[in-house]
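Participant: Let me give you the structure first, and then I'll get to my questions.
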Amino acid sequence: MFFDLLKKRRSIRKYINKKIEKEKVDMIIKSALMSPSSRGRRPWEFVLVEDRDLLEKLSNCREHGSQFLKEAALAVVVLADPDKCDVWIEDASIASLIIQLTAHSLDLGSCWIQVRERYKNEFQKTEDYIKELLDIPPDYCVESIIAIGYPGEEKEAHDENNLSMDKVHYNKYNIKYS
Ligand SMILES: Cc1cc2nc3c(=O)[nH]c(=O)nc-3n(C[C@H](O)[C@H](O)[C@H](O)COP(=O)(O)O)c2cc1C
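Using the working numbering, the letters of the sequence shown correspond one by one to residues 7 to 184.
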């Protein structure tokens with residue numbers, strides 16, 4: 007059941023040293039290419055990185071929050087052409103999540119690494135560092151990197167009985183849904 011998949015999906019930042027089968031990589035990327043997008047403009051593009059040297063360099067794209075990428079088997083760099091769609095951020099975010107959910111459905115672990123609005127250091131934007139490293143054309147924007155690999159850690163599933171139901175309102179804001 008899809009609900010069970012959502013309960014069990016957690017951000018996985020430790021991976022075992024195992025290559026991801028090509029069939030699984032193909033399925034992940036085909037899923038991303040089927041993502042819904044505003045007006046069907048599909049402004050996203052994806053760079054699949056498996057090269058160990060590049061993965062290590064990509065893992066340094068932020069001072070914190072990206073180092074675990076060094077041990078991942080695959081990075082999917084999610085970029086978009088802002089000229090193709092004004093809401094490219096939403097489109098690229100949806101594709102990023104679809105990649106994560108598909109990876110999880112294939113017994114892989116994944117974690118989102120935020121790129122947009124982040125800095126490698128006080129002098130360089132994370133996005134500029136990645137674009138230079140991967141030869142991404144200047145007009146494109148980078149939303150995220152999704153790190154993927156066979157899980158090297160186990161995490162507790164989300165508890166459906168302990169969700170923030172107080173965030174849910176019914177008909178009007180001041181009426182709680184129960
Ligand atoms: C937009 C977004 C940006 C995120 N950026 C990072 C990041 O840069 N580094 C990281 O380790 N995790 C990142 N995460 C993962 C979150 O930390 C994680 O989803 C959150 O703590 C909830 O945990 P869970 O995914 O295991 O349910 C990001 C998640 C989202 C949705």
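All residues carry an ideal CB built from backbone N, CA and C; glycine is no exception.
From which residue to which residue does the alpha helix (DSSP H) around Phe9 run?
Facilitator: Taken as a continuous stretch (DSSP letters only), the alpha helix (DSSP H) holding Phe9 covers Phe8 to Lys14.
Participant: Contact between the segment 86 to 103 and the segment 125 to 138: three or more CB pairs below 8 Å?
Facilitator: With a cut-off of 8 Å, the segment 125 to 138 and the segment 86 to 103 do not count as touching, because too few Cβ pairs lie within range.
Participant: Identify, in the order they occur along the chain, each residue of the same chain with its Cβ nearer than 6 Å to the Cβ of Pro157, setting aside the five sequence neighbours on each side.
Facilitator: Excluding positions up to five away in sequence, the list reads Ile18 and Gly115.
Participant: For ligand 1, I want to know if Ile22 counts as a neighbour, meaning its beta carbon is within less than 7 Å of at least one of the ligand's heavy atoms.
Facilitator: No, the Cβ of Ile22 stays beyond 7 Å of every heavy atom of ligand 1.
Participant: Considering just the uninterrupted stretch of the alpha helix (DSSP H) at Ile142, what are its terminal residues?
Facilitator: Neither: Ile142 is in no alpha helix (DSSP H) and is coded neither H nor E.
Participant: For Leu85, which beta-bridge partners are listed by DSSP?
Facilitator: BP columns for Leu85 point to Glu51 and Val148.
Participant: Using C-beta distances below 7 Å, list every residue in its chain close to Glu96, excluding the 5 sequence neighbours before and after it, in chain order.
Facilitator: Excluding positions up to five away in sequence, the list reads Ser44.
Participant: Among residues of its own chain, excluding the 5 on either side of Cys83, which ones have a beta-carbon nearer than 6 Å to its beta-carbon?
Facilitator: Sequence inspection shows Val at residue 83; the Cys mentioned does not correspond to that position. So the qualifying residues of the chain are Val53 and Ile151.
Participant: Take every Cβ of the segment 168 to 178, pair it with every Cβ of the segment 142 to 149, and state whether three or more of those distances are shorter than 8 Å.
Facilitator: Contact fails: fewer than three Cβ-Cβ distances are below 8 Å.
Participant: What's the C-alpha gap between Trp50 and Met33?
Facilitator: The straight-line gap from Cα to Cα measures roughly 17 Å.
Participant: Across which residues does DSSP place Gly155 in a beta bridge pair?
Facilitator: Answer is Gly115.
Participant: So, is Arg15 buried or exposed, given that buried needs 16 or more other C-beta atoms within 10 angstroms?
Facilitator: Classification for Arg15: buried.
Participant: Can you give me the start and stop residues for the alpha helix (DSSP H) that Lys30 sits inside?
Facilitator: Counting along the chain, the alpha helix (DSSP H) containing Lys30 begins and ends at Lys28 to Leu39.
Participant: Find the nearest neighbour of Asp145 within the set Lys90, Tyr183, Ser184 and His110, judged by alpha-carbon distance.
Facilitator: Checked all of Lys90, Tyr183, Ser184 and His110; the closest Cα to Asp145 is Lys90.
Participant: Would DSSP call Asn177 helix, strand or coil?
Facilitator: Coil, per DSSP.
Participant: I need the straight-line Cα distance from Glu160 to Gln106, nearest angstrom please.
Facilitator: Approximately 16 Å between the Cα atoms of the pair.
Participant: Looking only at its own chain, which residues have a Cβ that is under 7 Å from the Cβ of Ala78, when we skip the five neighbours before and after it?
Facilitator: The residues are Tyr21, Leu61, Ala153, Ile154 and Gly155.
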